[in-house]
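Asks: Have a look at this one.
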Amino acid sequence: MKVALAYSGGLDTSVAVRLLQEKYKADVITVSVDVGQDPKELKEIAKKSKKLDAIKHVNVDARKEFVEQYIFRSIKANGLYEGYPLSTALARYLIASKLVEVARRERADAVAHGCTGKGNDQFRFDTTISIKAPRFRIIAPIRELNLDRKWEIEYAREHGIPVPVEVGKPYSIDENLWGRSIEGGVLENPMQAPPEEIYAWTRPPVRAPAKPRIIKIEFENGVPVALDGRRTGGLELIATLNRIAGEYGVGRIELMEDRILGLKARENYEAPAATVLIQAHKALEQLVLTKQELAFKQVVDQAWADLAYSGLWFDPLREDLDAFIDSTQRRVTGVVKVELNRGNSRVVARGSPYSLYDEELVSFERFGFDQRDAISVIKFHALQSKILRKRTGG
Ligand code: ARG
Numbered sequence: 125m126k127v128a129l130a131y132s133g134g135l136d137t138s139v140a141v142r143l144l145q146e147k148y149k150a151d152v153i154t155v156s157v158d159v160g161q162d163p164k165e166l167k168e169i170a171k172k173s174k175k176l177d178a179i180k181h182v183n184v185d186a187r188k189e190f191v192e193q194y195i196f197r198s199i200k201a202n203g204l205y206e207g208y209p210l211s212t213a214l215a216r217y218l219i220a221s222k223l224v225e226v227a228r229r230e231r232a233d234a235v236a237h238g239c240t241g242k243g244n245d246q247f248r249f250d251t252t253i254s255i256k257a258p259r260f261r262i263i264a265p266i267r268e269l270n271l272d273r274k275w276e277i278e279y280a281r282e283h284g285i286p287v288p289v290e291v292g293k294p295y296s297i298d299e300n301l302w303g304r305s306i307e308g309g310v311l312e313n314p315m316q317a318p319p320e321e322i323y324a325w326t327r328p329p330v331r332a333p334a335k336p337r338i339i340k341i342e343f344e345n346g347v348p349v350a351l352d353g354r355r356t357g358g359l360e361l362i363a364t365l366n367r368i369a370g371e372y373g374v375g376r377i378e379l380m381e382d383r384i385l386g387l388k389a390r391e392n393y394e395a396p397a398a399t400v401l402i403q404a405h406k407a408l409e410q411l412v413l414t415k416q417e418l419a420f421k422q423v424v425d426q427a428w429a430d431l432a433y434s435g436l437w438f439d440p441l442r443e444d445l446d447a448f449i450d451s452t453q454r455r456v457t458g459v460v461k462v463e464l465n466r467g468n469s470r471v472v473a474r475g476s477p478y479s480l481y482d483e484e485l486v487s488f489e490r491f492g493f494d495q496r497d498a499i500s501v502i503k504f505h506a507l508q509s510k511i512l513r514k515r516t517g518g
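The opening position of the sequence shown corresponds to residue 125 in this note's numbering, with each subsequent residue numbered one higher.
So, in structure tokens, the structure goes:
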């Protein structure tokens with residue numbers, strides 16, 4: 125049997141390679157997908173794969189697709205789930221899709237992933253695979269054999285598998301261009317504050333530069349196109365912003381998250397660029413969309429994020445929502461300035477050719493319109509409350 129395994133080089137997937145060989149008698153092809161994670165790690169992956177006697181390793185560069193088909197959509201939808209800028213969630217659909225492509229090309233008999241039976245990622249992998257390639261058998265050894273982390277670490281030691289987790293730092297970390305998620309270890313106690321060692325992209329706010337910095341982001345049709353006046357592709361813009369905002373300690377997120385299975389989980393994220401870009405994007409929408417559009421879009425955004433989080437990316441509703449969202453984004457063009465200051469980001473200025481703001485009308489300093497016109501409007505305001513009060517007395 126030939127199995128294509130989504131391989132990250134982490135503990136779960138490294139153990140999975142050996143288990144597939146030993147317990148499933150399979151030849152393993154490891155597949156890594158570049159979604160903007162640490163390039164050093166990607167290089168290590170190929171070496172680890174060889175060490176684990178995989179018959180082949182395939183790396184797929186999916187960064188451009190990740191930015192254009194997932195991150196950009198998420199920015200337009202202000203993609204947040206319970207305050208989490210969807211990152212791991214989005215990448216899973218793409219990784220699973222690439223895994224299926226490679227498995228087909230290599231004429232594999234099955235596809236495999238290292239998800240446990242407790243998390244969300246299994247939903248995203250399994251749904252994507254079974255929608256795109258229903259005939260592939262899905263093997264998830266950690267879930268099928270009901271293994272826990274302690275068992276895995278032990279097994280890894282006994283089988284000479286390079287253990288990437290250090291003793292005392294048994295974190296499960298997932299990383300892509302849009303964010304970094306850290307779970308496990310002491311973080312599993314919600315009363316325990318996240319230790320500094322979990323962070324890799326952000327400086328502690330107290331060690332951020334003392335002087336605040338203002339950055340300028342330009343948007344076209346809802347997506348960022350320039351940073352501080354420099355036009356770049358999305359990939360470069362996001363990587364640069366991760367660096368800058370991270371230096372100011374922006375984008376550390378601590379959450380009690382409701383997983384798909386109903387489990388509450390303590391989650392920590394680092395997402396400097398995502399934090400700033402979603403904040404800036406919302407600020408621009410406030411300037412150019414009507415009150416009615418904003419209120420309705422909030423509901424749509426929420427539904428979008430729920431689908432993306434819950435393993436339902438391929439539900440046709442997601443595309444329907446994207447169609448609505450894209451229609452609103454035709455006017456989301458303009459510039460937003462954000463101040464970065466010791467762990468905080470704050471919108472300080474915004475402008476757009478489609479602005480619905482009318483300074484002349486709203487200004488304290490100008491006439492704009494005859495204020496006495498407001499009197500007749502107010503006469504009808506709360507009309508039904510006035511009538512009700514009359515009927516019921518008092
Ligand atoms: N809770 C986040 C999500 O469901 C992050 C999951 C992180 N996955 C991991 N294997 N460490 O998207």
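Cβ coordinates follow ideal geometry from the N, Cα and C atoms, glycine included.
#1: Taking 7 Å as the cut-off, is the C-beta of D245 nearer than that to any heavy atom in the ligand ARG?
#2: Since V471 and V460 should fall inside the 8 Å C-beta cutoff, what is the C-beta to C-beta distance between them, to a whole number of angstroms?
#3: If you draw a straight line from the C-alpha of R231 to the C-alpha of Y148, how long is it?
#4: Starting from T252, follow the alpha helix (DSSP H) in both directions and report where the run begins and ends.
#5: Give me, in chain order, the residues of the same chain whose beta-carbon lies closer than 6 Å to that of L359; leave out the 5 immediate sequence neighbours on both sides.
#6: Whole angstroms are fine: how far does the CA of Q246 sit from the CA of F488?
#7: Would the stretch 375-386 count as touching the stretch 236-250 if we require 3 or more Cβ pairs under 8 Å?
#8: List, from N- to C-terminal side, the beta strand (DSSP E) runs of 3 residues or more that fit wholly inside the stretch 274-341.
#9: Hey, quick one: how far does the alpha helix (DSSP H) through P265 stretch, first residue to last?
#10: Check whether the Cβ of A213 lies closer than 7 Å to any heavy atom of the ligand ARG, and answer yes or no.
#11: Given a cut-off of 8 Å, decide if I368 and N392 are closer than it, judged by their beta-carbon atoms.
#12: What residue does the beta strand (DSSP E) around R474 start on, and which one ends it?
#13: Buried or exposed: which applies to P348, given that a residue is buried once 16 or more other Cβ atoms fall within 10 Å of its Cβ?
#14: Return the chain-ordered ranges of every beta strand (DSSP E) run that is complete within the stretch 440-512 and spans a minimum of 3 residues.
#15: Check whether the stretch 248-265 touches the stretch 137-153, taking contact to mean three or more Cβ pairs, one atom from each stretch, closer than 8 Å.
#16: DSSP three-state call for D382: helix, strand or coil?
#17: Quick check on DSSP: helix, strand or coil for L351?
#18: Using 8 Å as the cut-off, can you tell me whether the stretch 164-179 makes contact with the stretch 211-219, which would need three or more C-beta pairs spanning the two stretches below that distance?
#19: So, are the CB atoms of E206 and E381 less than 8 Å apart?
#20: Just to confirm, are V310 and P319 a CB contact at a threshold of 8 Å?
#21: If I follow the unbroken beta strand (DSSP E) through A130, where does it start and stop?
#22: Kindly identify the DSSP beta-bridge partner or partners of H181.
#23: Once you ignore the five residues that flank I477 on each side, which residues in its own chain have a CB closer than 8 Å to its CB?
#24: Excluding the five sequence neighbours on either side, which residues of its own chain have a C-beta within less than 6 Å of the C-beta of D298, listed in chain order?
#25: Could you check whether D136 and D158 sit closer than 8 Å to each other, using their CB atoms as the reference points?
#26: So R327 packs on G375, CB below 8 Å; how close in whole Å?
#27: What's the call for L223, buried or exposed, on a 16-neighbour Cβ count within 10 Å?
#28: Find the nearest neighbour of I169 within the set G160, Q161 and S156, judged by alpha-carbon distance.
#29: Assuming the contact rule is C-beta atoms closer than 8 Å, D446 and R248 should be a hit. Round their C-beta distance to whole Å, please.
#30: What is the DSSP secondary structure of E344, reduced to helix, strand or coil?
#31: Which residue marks the beginning of the beta strand (DSSP E) containing E394, and which one marks its end?
#32: According to DSSP, is L218 part of a helix, a strand, or is it coil?
#33: To the nearest angstrom, report how far apart L418 and F448 are at their CA atoms.
#34: So for A522, helix, strand or coil by DSSP?
#35: What does DSSP give as the partner residue(s) for L359 in the beta ladder?
Replies: Taking the geometry as given:
#1: yes
#2: 6 Å
#3: 18 Å
#4: D245 to K256
#5: R187 and V191
#6: 56 Å
#7: yes
#8: 296-300 and 303-307
#9: P265 to E268
#10: yes
#11: no
#12: N468 to G475
#13: buried
#14: 458-465 and 468-475
#15: yes
#16: strand
#17: strand
#18: no
#19: yes
#20: yes
#21: K126 to A130
#22: T154
#23: Position check: residue 477 holds Pro in this sequence, whereas Ile was assumed. Once the five neighbours on either side are set aside, the close Cβ partners of P477 are T457 and G458.
#24: T212 and S305
#25: no
#26: Actually they are not in contact, since the Cβ atoms of R327 and G375 sit about 11 Å apart, beyond 8 Å.
#27: buried
#28: S156
#29: About 18 Å separates the two Cβ atoms, so there is no contact after all.
#30: strand
#31: K388 to E394
#32: helix
#33: 12 Å
#34: Nothing can be reported for residue 522: it is not among the residues displayed for the chain, which extend from 125 to 518.
#35: Answer by DSSP bridge pairing: none, since L359 is not bridged.
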